[in-house]
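Residue numbers (my numbering): 6 to 109. In this text, a Cβ means the ideal position worked out from N, Cα and C, and glycines have one as well.
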């Protein structure tokens, strides 16, 4: 087995800037302003807290709402009456239709 090749280092030319001098990095202080500025005398007043204009009121409590009972689905309602007769639809309907069939 051949030995692994060794990497070779090459110089890459990168342009760099000279380091900044002390005068370029100096931050101007408040005691020595770089340019004179005129400051107008502004009268200072104490901040006053605004007075409330209305008194707080009680929050109204919501009244409970009644949930409507769902209308029954009579088309899918099937069962037997107390007389053991089969029904389809509303068992308490005002009109009852009896369907008699003889399979013999």
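N- and C-terminal bounds of the beta strand (DSSP E) containing residue i
i	result
residue 83	83 to 85
residue 90	Element bounds for residue 90: n/a, residue is neither H nor E.
Contact check, residue i vs residue j, beta carbons under 7 angstroms
i	j	result
residue 86	residue 96	yes
Nearest neighbour of residue i, chosen from the options [CA to CA]
i	options	result
residue 90	62, 59, 77 and 105	105
residue 76	94, 61, 26 and 9	94
Close-in-space but distant-in-sequence residues of the same chain around residue i (CB under 6 angstroms, 5 per side omitted)
i	result
residue 4	This structure gives no information on residue 4, because the portion of the chain shown stretches from 6 to 109.
residue 83	93
residue 26	none
Euclidean distance between Cα positions of residue i and residue j
i	j	result
residue 88	residue 67	48 angstroms
Beta-carbon proximity list for residue i, same chain, < 7 angstroms, skipping 5 on both sides
i	result
residue 17	none
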